[in-house]
Every structure is written in C-alpha cells, then in structure tokens.
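Take a look at the structure below.
There are 2 protein chains.
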Amino acid sequence: MVEALKIGLLGLGTVGTATAGILLSPESRHPLLKEIEIAKVGVKTLDKRRAVEFADGVLTTDLEAIVTDPDLDIVVELIGGLEPARSLILKAISHQKHVVTANKAVISRYGEEIYRAAAEAGVYVLIEAAVGGGIPIIRPLQQSLSVNRIDSILGIINGTTNFILTKMATEGSDFSEVLTEAQELGYAEADPSADVDGYDAADKITILATLAFGEQVSLEQVSCEGIRQVSAVDIQYAERLGFEIKLLAIAQREQSGLQVRVHPTLVPKEHPLANIDGVNNAILVEGDPIGQVMFYGPGAGGGATASAVVSDLMNIAAMLKVSQAVNPLLKIPQHPRRELVPIQELVTRFYARIICIDRPGVIGNLGTCFGKHKVSLESIVQIDFNNGFAEIVVVTHNVKEENFRQALAEIPHLDAIEQIQIPSVLRVLREK
Amino acid sequence: MVEALKIGLLGLGTVGTATAGILLSPESRHPLLKEIEIAKVGVKTLDKRRAVEFADGVLTTDLEAIVTDPDLDIVVELIGGLEPARSLILKAISHQKHVVTANKAVISRYGEEIYRAAAEAGVYVLIEAAVGGGIPIIRPLQQSLSVNRIDSILGIINGTTNFILTKMATEGSDFSEVLTEAQELGYAEADPSADVDGYDAADKITILATLAFGEQVSLEQVSCEGIRQVSAVDIQYAERLGFEIKLLAIAQREQSGLQVRVHPTLVPKEHPLANIDGVNNAILVEGDPIGQVMFYGPGAGGGATASAVVSDLMNIAAMLKVSQAVNPLLKIPQHPRRELVPIQELVTRFYARIICIDRPGVIGNLGTCFGKHKVSLESIVQIDFNNGFAEIVVVTHNVKEENFRQALAEIPHLDAIEQIQIPSVLRVLREK
Ligand SMILES: NC(=O)c1ccc[n+]([C@@H]2O[C@H](COP(=O)([O-])OP(=O)(O)OC[C@H]3O[C@@H](n4cnc5c(N)ncnc54)[C@H](OP(=O)(O)O)[C@@H]3O)[C@@H](O)[C@H]2O)c1
Ligand SMILES: NC(=O)c1ccc[n+]([C@@H]2O[C@H](COP(=O)([O-])OP(=O)(O)OC[C@H]3O[C@@H](n4cnc5c(N)ncnc54)[C@H](OP(=O)(O)O)[C@@H]3O)[C@@H](O)[C@H]2O)c1
Chain A
163 MVEALKIGLL GLGTVGTATA GILLSPESRH PLLKEIEIAK VGVKTLDKRR AVEFADGVLT
223 TDLEAIVTDP DLDIVVELIG GLEPARSLIL KAISHQKHVV TANKAVISRY GEEIYRAAAE
283 AGVYVLIEAA VGGGIPIIRP LQQSLSVNRI DSILGIINGT TNFILTKMAT EGSDFSEVLT
343 EAQELGYAEA DPSADVDGYD AADKITILAT LAFGEQVSLE QVSCEGIRQV SAVDIQYAER
403 LGFEIKLLAI AQREQSGLQV RVHPTLVPKE HPLANIDGVN NAILVEGDPI GQVMFYGPGA
463 GGGATASAVV SDLMNIAAML KVSQAVNPLL KIPQHPRREL VPIQELVTRF YARIICIDRP
523 GVIGNLGTCF GKHKVSLESI VQIDFNNGFA EIVVVTHNVK EENFRQALAE IPHLDAIEQI
583 QIPSVLRVLR EK
Chain B
163 MVEALKIGLL GLGTVGTATA GILLSPESRH PLLKEIEIAK VGVKTLDKRR AVEFADGVLT
223 TDLEAIVTDP DLDIVVELIG GLEPARSLIL KAISHQKHVV TANKAVISRY GEEIYRAAAE
283 AGVYVLIEAA VGGGIPIIRP LQQSLSVNRI DSILGIINGT TNFILTKMAT EGSDFSEVLT
343 EAQELGYAEA DPSADVDGYD AADKITILAT LAFGEQVSLE QVSCEGIRQV SAVDIQYAER
403 LGFEIKLLAI AQREQSGLQV RVHPTLVPKE HPLANIDGVN NAILVEGDPI GQVMFYGPGA
463 GGGATASAVV SDLMNIAAML KVSQAVNPLL KIPQHPRREL VPIQELVTRF YARIICIDRP
523 GVIGNLGTCF GKHKVSLESI VQIDFNNGFA EIVVVTHNVK EENFRQALAE IPHLDAIEQI
583 QIPSVLRVLR EK
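Here the protein sequences line up with chains A and B, keeping their order.
Once you know that position 207 of the first sequence is 369 in this note's numbering, the rest is easy, because the numbers rise by one and skip nothing.
Once you know that position 336 of the second sequence is 498 in this note's numbering, the rest is easy, because the numbers rise by one and skip nothing.
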C-alpha cells in the first residue's frame, strides 16, 4: 500500500461528521490514520450548513456513484435506516469495496446476505460501531473472547431506556413523564418506539449473539418486551427487595439451544449491571474459562460512535498492510523515550489525617499555613478527641504536590501546634 | 498454512496448565484453535503430578532446546520471573519464533529490547495476558482505542491489594490482619511485597502507558506507593467523606509530558472504579472523542489468564493466515441457522404485582396455586392496602416461563380472589 486508502463516506449527520472530524485531525492518534483519506462524501441535501469543510467536488448527493467509484477502497455507511443503506452496502461489496457500517438495523436483518456477499468478493465488512457505540465489543467477542465457550451475554445496550429507567428510579416519576423529559433533552426520539419497545436492543443482541455463538440468529425469533409497562411503583418495590430494574438484552446457551430476548429485568443490586446508570451501556460476557468480563462506556453519541467507525477503518488499513511485514498495529513505540513528569509536579487532591494537642488556634493555624502555600481546602474537619488530642482530617482541592508537601513540612513549626503526628497522607482523585 | 501451528510451552504451572486445558478441548471455541498444537512443554521438574497429560517426549526440562527447535512456530513463555525468562524469549525470537507471554515483569523492564529484536526478526510478540488477566485490554488499547487521543488510564490492576482494601472496608480490620487472611486464602504470596508495595501494578501501568501513549515509559521513573500505610481509620473517614480507598495505577497526559504513578487513592463513591471490589480488576480509559470506557473482570487466575494467552495464539494464527484470504477472524457464522429456544421454555425468576380485594385466604390461595404449577416462591409480601384492596408482590425462584404463566392464568379463578388485577409481571435475573 503505497498510496493512502481512499474512503467514500455515506452520510454526514451525527456520526458521519464526528468520523470526518477524527480523520481530519490525525495528530496524537494512531499513525495509520494518516494513510486514510476521505475522497467522497454522500448526503441528501447539498445546501445544508456542515461542521466540517471539504474540497470542491467531495460532497455529492449521488451515492450510487460513490459505491461504484473504482478509485475508492472503502465505503463507510452512516446514513442509517434499511433502504437505501442495504442496497448501497451490497453494491459497494460487489464493486470490491470494503465496508464499515454503524447500521445495526441493516446488519441484524441482512447480515447473513451481506457477509456472504463479502466473503465471495473477498472484502471486509466491519461493524464495531453497530453495538455499544464507542465500547470495543464486536472485536473482543470475535477475537480475545472467542477462545472461550461463551455461556451468556447480558447487555444494557440501549442508552435511551437506561436513561429513562435511571430517572424513574432516582425521581420516583412514571414512565410517560420521564419519556417527555428525555425527548426534550434529545435523549429520545419524537417516535420513541424503536428504543422503548426494545427493538433497537433486539437488533443489537441479534448481532452479538450471532458473533458469540457462531450461528446466525433470526431477529424475528428474538423475544422482545419494552419498558412501557414498568411503573414507578414497581421500581420502588424492586428497590425494597434489593433489585434495580434494567432493560436487559440477553443471549444464553441453554441445553436445548440458544435463547435470545430483551425485557425489563430485576437485577440484584450487587450485580455489576445494577450500577450502570444514565445513557451508558455495558455488556457482560460470561464464558469458560474466563468467567465474567464487562465492557462499559458511552453507548451512543457522535464522537464515541465515530471512534468505533474509525477503529474499523484503521483495522482494514492494518490488515491490508499485514502481508508486507509485521502487523503495523503491533509496532514498537514511535516516540523516543522521554522523562516522565516528576511526582512533585503532580496536580491532584490530598487527604491528610493530623493528630495534635487540642488547643485553640489549631484549625486557624492550619488554614493559614495551607493558604500560604496555595493549598485550597475543600474541607477541614475535627473528627475525634482522645485524652486531650484532636484528630483533624483535611481534604484539599486540586493542588501541586510540591506545594502541599511544603505546607505539611511547615505544620510542626506553627505556634498552636504541639506533639503533632501526620499518620496518613493519601491522594484523592483530582477534580476535572 | 496447511499444517497446524506448533507451539512450545515454557511452564506448566497455574497459567500453563490452564492454557493447555483450553488447547486440548477446542470444541465450542473458535475453530482456529484446532490448528494450534502443543508440541513441546518445558518445566523445572519432570516427576511432578500434572493435571494434563501429554504424549511421551513432549515434556522436557531442556528449555533451550525448545526455543531453538526449528519445528516450532510459537513459544509461549509462562515460567515468570526475570531470568531465564528474558533470555529464553530473546533466543526464541532470534530463532524466528513468535512469542506469547504473560510476564509483566520482563515486558515492563525489557519490552523495548524484546520488541526491537522482534521487529528485526519479523515475528510477533503478544502480551494480552500480562495486564488484567483475562480482561481484553492490550489489544483494545492498540487497536480500537488508538484512534483516540488518550488522556488517561486509571486502573485497579492488582487483585491482591484490591481484595485487601475491600476486606478492610467491609470488616473494619487493619492492613496486617487482612494480609494474613489473604495469605491463608492464597490471594497473597508469602512475600507480599510485589503486590502490597505496588510494584506489580507499576509493571503493568508501565506496559499500558507505553502502548497507549506510544512512548517507551521507564519503569524506574514510575512513582510507586503501596497500601501498607492505609489504616482502617482512614478508610472510615474516607467513607464518611464519600470516598472509597483504592490502589490506583495512573498514567496521564499532562501539559509538560506524561505522568505515571501508583498510589492509594480516595475515589468518589459515584466514580465507576469505586464499585470494583475483591480480586477483580478494572481499567478506565479516557480519550478524545470517545470519553470514558471501562474494562472489568478477573485480573488473575489460571483460566482467565489462559484465555488471554490463547487469544494471542489465535491472533497469531489469524495473522499468519490473513494473506491467503479474508481474515479468518471475521468469517461468517459456521453453524447453520437454527430455531431459537422459545420464550415459554425460558427458565428464569419472576416478579409479579397483584392487586385484589383484601380478604382472608388470599395469600394461602396464591401459594397453593403457584405450588400446583411447580412455581417455587422466594417471597410473597402483602405490601400495601388501599380502600379494601391488598397489593401483593411475589418473587419466585427459577421457574419455567410456561409454568409461571399457567399459574397466573389460574389466579383469577381461585376461591378467595376477587376483582383481581396483575399490573406488572417482570423477570428477575435467574439464580445460578
Ligand atoms: N447517533 C448515534 O449516537 C449513533 C450511535 C450508534 C450508531 N448509530 C448509527 O449510525 C448511523 C448514522 O446515524 P446518525 O445519528 O449519524 O444519523 P443522522 O444524524 O440522521 O445522519 C444521517 C446522514 O445520512 C444522510 N442521508 C440519510 N438518508 C440519505 C439518503 N437517502 N441519501 C443520501 N444521504 C442520506 C443525511 O444527509 P443530510 O445531512 O443531507 O440530511 C445525513 O447526513 C445509523 O445507522 C445509526 O443507527 C448512531
Ligand atoms: N497465576 C496468575 O493468576 C497469573 C495472572 C497473570 C499473569 N501471570 C503470569 O504468568 C506467568 C506464570 O505464572 P504462574 O502463576 O502460572 O506460575 P507458576 O504456577 O509458578 O508456574 C511456573 C511454571 O514454570 C516452570 N518453571 C519455572 N522456572 C523454571 C525454570 N527455570 N526452568 C523450567 N521451568 C521453570 C515451573 O516448572 P515446575 O512445574 O516443574 O515447577 C512451572 O511449571 C508469570 O509471568 C505470571 O506473572 C500469572
């Protein structure tokens, strides 16, 4: 591969724009990205304002011309919906183009047809972005985890419904109220059915089950219930009994075969999926001998989903290069060895526990001393007394390690401080 | 690749034995595993009892002969420690063998030397098992996530210390007590220093930082503090202030460069890492544009670690095959389309909320009816009363969906039941 790989992007909406954004700013990312070039972009209307700019002639409404263009190596389908997405993907394949898509609706229904066509044409079809947004789950399932016998996949894979259920739980409100709120916030569509009736999750679990168990799962056979029937009362009762209610997508190997389903589920509070809140997604995979592994992160959003799209592009670039030499994904570090930033320059928060004789002025003295060294305190609490001693716990805001250490060193010399001990100094996760 | 790939296994301890276990039972795992064959196994003593059996001549104490054997394609180093592991790896590479290793101590110190040698020899060195046990983290960092600008990696990557801190928090006991307990349970070594002083975590974060930021990190520059100084009192104060104490390994991009460190850290309770308990590991990666993703699972143990070792073997097999055709990791499902198991045959637990007129015999009637249909109840609670009505919440043990539905259908016809409504029927995550 001497020249850059030329890609044709179908769709410049939420995900398409973010995908272009990554490819157009390759600095500090994987070096292979510099070898991928956006040659054509297909959209519905040319005269829309766009957040990214392209050279003249790149933007077009003729998507057929893109998927048949002999100059292109890869087609990235990000228009969504069933048609023309399916036909464009198939036509791209028949024109020897590799395909990357985030379209779970098309893959869950026509995946078999598409993969068969791709195998015949000898091209790749990569779909990391179709499930779990930015979370790497498709590739781990196909690669790292596939040496296991997979027993089950349990996923919170629809952010909208998880947002709604989380809100219902924290606010005690009913489904319809929270749905309206989610629609106003842009977390739910005007027609919410695909999300709240579980169809989107069904698409996604069909794809995951097909990969994990190596047999093509039929979407129509997936049993699917949404969250409309879940009431605030049920969430409260579940809570009292020790459960959270989550919309789970489940694929399980049973003695008699495979079972795949989507339904609201009471999850014990100590289960790893019980703590997954808001629009986040999580996928828990159980297998032998690995046990349980979980993948957690943003299940949607332009940037996160684009991260998955571009990782697929990069993998195609890597696979096309692999015959030349050692796989470029496994290269040794590109940058020379540099000094690390020393710990004194660390900016973090601190927790310190201080014990000294309890007398007036102690807190004031400490406060002044920290202030002098630019250590801003979040809290200073005198928590405990033992035979004339005071125990004081201090938590700081972000501060430079060096400054904090200087303040600590000065404390024993303060007027009001006697018989001091500082048994604990710990760091606190820093503020953003 | 017409023949199977021949591997030489160095070490048949916890991880080596589990690795052999996976390779010797390839059914229901990835089909590529059938093309990997254990040709030689190197150990220290021949006359130990082993959990796996090999043909005569496979087991040997001559490890030099293995790494120089012209018939072998891949060497898997699972003996641990610095020497002879490092020399054996380098010799294997110089004899054109691909290498898979779980040895974080060797890679964190000699990774640069080893990768350089591998690049010259044109062989792969894969290290998925060296960090996070079975959790796929090395490959996602090199591939899916590497299109992002990585800002930070925060990891709980030492199971022993996380087990100790979790126990200290739940039992209020002090470090030394819990350490003794952990040693008795086999979760901590007789010489616990590598774990409790943070050195093992420092090895691992050195490896992760090197991959994520593309520059070779020097282990000696990693600032490292262990958990010996953390007391039960600090854990309690932290708790009151809204924090958990965790041993975090942190690699962060700062304006002035990279900072890499290991130290006990107060983590806000609502942070995703705060809930990671016991021997589990979790790695939180933050980047642009992806945001936060987290990988969670068993950070050690023979089976889990072997899953990562074998996934590396499979990836080498796939990369060696890739020039022939389309990457075999991306193949279409191997099994024909089959019927899914219908939802009536699902075995799960149920939650049902029942409202009816409050009169004697209601609970008894319900109990008898469920029993008749083989529905065993975990709890049946009459929670609420409204103007003459009773609200009853039922949670079952595992039951066949069909049986539960039949019981529900019969309830309205029971003697004591009048004006019944069943506003909610939800599934509960099933018992093991
Ligand atoms: N948004 C997310 O968070 C997310 C997450 C995971 C997966 N996905 C998937 O990613 C895909 C794209 O989603 P999105 O949110 O980016 O969609 P979007 O914002 O609605 O953008 C769709 C883009 O496709 C173009 N388009 C649509 N139909 C077209 C047609 N018939 N001919 C030409 N162009 C057409 C539109 O052109 P105009 O700009 O001219 O209107 C627009 O640029 C979908 O498959 C979705 O399921 C999205
Ligand atoms: N155990 C885990 O959970 C875990 C998790 C992640 C990574 N790892 C890494 O995996 C590697 C192996 O760990 P392990 O727990 O499996 O170790 P282990 O149980 O102690 O087994 C070590 C094996 O190597 C053999 N061996 C050691 N030194 C040797 C020498 N000089 N010559 C020949 N054979 C030698 C031993 O032979 P004999 O059987 O004859 O004594 C034994 O079979 C280490 O790098 C470790 O850090 C382990």
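Even for Gly, the Cβ is constructed at its ideal location relative to N, Cα and C.
* Asked: Name the DSSP bridge partner or partners of ASP450/B?
  -> On the second sequence, residue 450/B is found 288 positions in, with the first residue counted as 1. Answer is ARG311/B, bridged to ASP450/B.
* Taking LEU409/B and ILE318/B to be in contact with their CB atoms under 8 Å, please state how far apart those CB atoms are, rounded to whole angstroms. => If you number the second sequence from 1, residue 409/B lands on position 247. If you number the second sequence from 1, residue 318/B lands on position 156. Yes, LEU409/B and ILE318/B are in contact; Cβ-Cβ is about 7 Å, under 8 Å.
* What did DSSP end up calling GLY178/A once you bin it into helix, strand or coil? -> Position 16 of the first sequence, counting from 1, holds the residue named residue 178/A. Reduced to three states, the DSSP call for GLY178/A is helix.
* Within 10 angstroms of its Cβ, does ALA571/B collect 16 or more other Cβ (buried), or is it exposed? -> Reading the second sequence from its first residue, position 409 is the one you call residue 571/B. With fewer than 16 Cβ atoms within 10 Å of its Cβ, ALA571/B is classed as exposed.
* With 8 Å set as the bound, which would you pick, yes or no: does the beta-carbon of LEU240/A sit closer than that to a beta-carbon of chain B? -> As a working mapping, residue 240/A is identified with position 78 in the first sequence. Taking Cβ atoms only, chain B never reaches closer than 8 Å to LEU240/A, which makes this a no.
* Is it a yes or a no for the stretch 252 to 262 of chain B touching the stretch 284 to 297 of chain B, going by three-plus beta-carbon pairs under 8 Å? -> yes
* Asked: So which residues of chain A does HIS425/B contact, with C-beta pairs closer than 7 Å?
  -> By 1-based counting over the second sequence, the position of residue 425/B is 263. The answer, in chain order, is ARG589.
* Three-state class that DSSP yields for THR510/B in the structure shown -> Numbered from its first residue, the second sequence carries residue 510/B at position 348. If DSSP states are grouped into helix, strand and coil, THR510/B belongs with the strands.
* Does TYR458/B have its Cβ less than 8 Å from a Cβ in chain A? -> Here residue 458/B refers to the residue found at position 296 of the second sequence. Closer than 8 Å to some Cβ of chain A, the Cβ of TYR458/B qualifies, so yes.
* To do: Give the secondary structure of TYR458/A by DSSP, where H, G and I count as helix, E and B as strand, and everything else as coil.
  => On the first sequence, residue 458/A is found 296 positions in, with the first residue counted as 1. The answer is strand: DSSP assigns TYR458/A an E or B state.
* Local conformation of ASP583/B per DSSP, three classes -> Within the second sequence, residue 583/B is the residue found at index 421, counting from 1. Checking the sequence shown, residue 583/B turns out to be Gln, not Asp. In this structure, GLN583/B counts as strand in the three-state DSSP scheme.
* **Neighbourhood of ALA247/A by C-beta, 7 Å cutoff - its chain only, sequence neighbours within 5 removed** => On the first sequence, residue 247/A is found 85 positions in, with the first residue counted as 1. Correct list, in chain order: GLU239, ILE241, ASN265, VAL268.
* **Beta-carbon gap between VAL214/A and ALA182/A smaller than 8 Å** => Position 52 of the first sequence, counted from the first residue, corresponds to residue 214/A. Position 20 of the first sequence, counted from the first residue, corresponds to residue 182/A. Yes. Within cutoff.
* For the alpha helix (DSSP H) containing GLN304/B, list its first residue and its last residue. => Here the question's residue 304/B lines up with position 142 in the second sequence. GLN304/B -> alpha helix (DSSP H) spans 300 to 304.
* CB VAL358/A to CB ALA371/A, shorter than 8 Å? -> In the first sequence, counting from the first residue as 1, residue 358/A sits at position 196. In the first sequence, counting from the first residue as 1, residue 371/A sits at position 209. Cβ distance not < 8 Å, so VAL358/A and ALA371/A don't count as in contact.
* Asked: Just to check, is the beta-carbon of ASN442/A closer than 7 Å to a non-hydrogen atom of ligand 2?
  -> Here residue 442/A is taken as the residue at index 280 of the first sequence, counted from 1. No, the Cβ of ASN442/A stays beyond 7 Å of every heavy atom of ligand 2.
* To do: For VAL590/B, name the three-state secondary structure that DSSP assigns.
  => The residue you call residue 590/B lines up with position 428 of the second sequence. Strand at VAL590/B.
* Asked: Rounded C-beta distance between HIS575/A and ARG511/A? I'm assuming under 8 Å.
  -> Taking the first residue of the first sequence as 1, we reach residue 575/A at position 413. Taking the first residue of the first sequence as 1, we reach residue 511/A at position 349. Wrong, their Cβ atoms sit about 24 Å apart, outside the cutoff.
* Closer than 8 Å to chain A by CB, ASN477/B -> Translated into the one-based positions of the second sequence, residue 477/B becomes position 315. It does: the Cβ of ASN477/B has a partner Cβ on chain A nearer than 8 Å.
* To which residues does DSSP link LEU409/A through a beta bridge? -> Locating residue 409/A in the first sequence gives position 247, counting from the first residue. In the DSSP output, where bridge partners are listed per residue, LEU409/A has PRO426/A.
* Asked: By how many angstroms is the C-alpha of LEU244/B removed from the C-alpha of LEU208/B?
  -> On the second sequence, residue 208/B is found 46 positions in, with the first residue counted as 1. On the second sequence, residue 244/B is found 82 positions in, with the first residue counted as 1. When rounded, the distance between both Cα atoms is 22 Å.
* **Residue environment, VAL488/B, which counts as buried when at least 16 other CB atoms sit within 10 Å** => Taking the second sequence and counting its residues from 1, the one referred to as residue 488/B is at position 326. Because VAL488/B carries a pLDDT of 46, less than 50, the predicted location of this residue cannot be relied on, and no value is offered for it.
* Asked: Could you give the distance in angstroms between the alpha-carbon of SER485/A and the alpha-carbon of ALA227/A?
  -> Sequence index remark: in the first sequence, residue 485/A carries index 323 (1-based). Sequence index remark: in the first sequence, residue 227/A carries index 65 (1-based). Residue confidence is low: SER485/A scores 45 on pLDDT, short of 50, so the model does not pin down where it sits. Its coordinate-derived value is still stated next. If you take the alpha carbons of SER485/A and ALA227/A, they lie about 31 Å apart.
* 8 Å Cβ cutoff, GLU501/A in contact with chain B -> Residue numbering aside, residue 501/A sits at position 339 when the first sequence is read from its first letter. Taking Cβ atoms only, chain B reaches closer than 8 Å to GLU501/A, which makes this a yes.
* **Where the beta strand (DSSP E) through PHE551/A begins and ends** => Locating residue 551/A in the first sequence gives position 389, counting from the first residue. PHE551/A -> beta strand (DSSP E) spans 551 to 558.
* **C-alpha distance - LEU347/B paired with THR322/B, whole-angstrom precision** => If you number the second sequence from 1, residue 347/B lands on position 185. If you number the second sequence from 1, residue 322/B lands on position 160. Roughly 11 Å separates the two Cα atoms.
* Evaluate the contact criterion for the stretch 439 to 447 of chain A versus the stretch 455 to 468 of chain A: three or more CB pairs, one atom per stretch, below 8 Å. => yes
* For GLY170/B, three-class secondary structure by DSSP -> Numbered from its first residue, the second sequence carries residue 170/B at position 8. In this structure, GLY170/B counts as strand in the three-state DSSP scheme.
* Asked: How about LEU307/A: is its C-beta nearer than 8 Å to some C-beta of chain B?
  -> In the first sequence, counting from the first residue as 1, residue 307/A sits at position 145. Taking Cβ atoms only, chain B reaches closer than 8 Å to LEU307/A, which makes this a yes.
* To do: Spell out whether any CB of chain A is found under 8 Å from the CB atom of ILE584/B.
  => Within the second sequence, residue 584/B is the residue found at index 422, counting from 1. Closer than 8 Å: no.
* To do: Determine the direct distance from the alpha carbon of ARG423/B to that of ARG211/A, and round the result to whole angstroms.
  => Sequence index remark: in the first sequence, residue 211/A carries index 49 (1-based). Sequence index remark: in the second sequence, residue 423/B carries index 261 (1-based). Near 45 Å, if we compare the C-alpha coordinates of ARG423/B and ARG211/A.
* For the candidate residues ILE516/A, GLY273/A, LYS196/A, whose alpha-carbon lies nearest to that of SER473/A? -> If you number the first sequence from 1, residue 473/A lands on position 311. Checked all of ILE516/A, GLY273/A, LYS196/A; the closest Cα to SER473/A is LYS196/A.
* Asked: ILE200/B lies in the beta strand (DSSP E); which residues open and close that run?
  -> By one-based count along the second sequence, residue 200/B stands at place 38. Taken as a continuous stretch (DSSP letters only), the beta strand (DSSP E) holding ILE200/B covers 198 to 204.
* Selection from GLN345/B, LEU403/B, HIS433/B that minimises the alpha carbon distance to GLN454/B -> Counting from one through the second sequence, the residue named residue 454/B turns up at place 292. Ranking GLN345/B, LEU403/B, HIS433/B by Cα distance to GLN454/B puts HIS433/B first.
* Asked: Hey, is PHE325/B's beta-carbon within less than 8 Å of any beta-carbon in chain A?
  -> Here residue 325/B corresponds to residue number 163 of the second sequence, with the count starting at 1. No, because no Cβ of chain A sits closer than 8 Å to the Cβ of PHE325/B.
* So, is GLN305/A buried or exposed, given that buried needs 16 or more other C-beta atoms within 10 angstroms? -> One-based indexing of the first sequence puts residue 305/A at position 143. Flag for GLN305/A reads buried.
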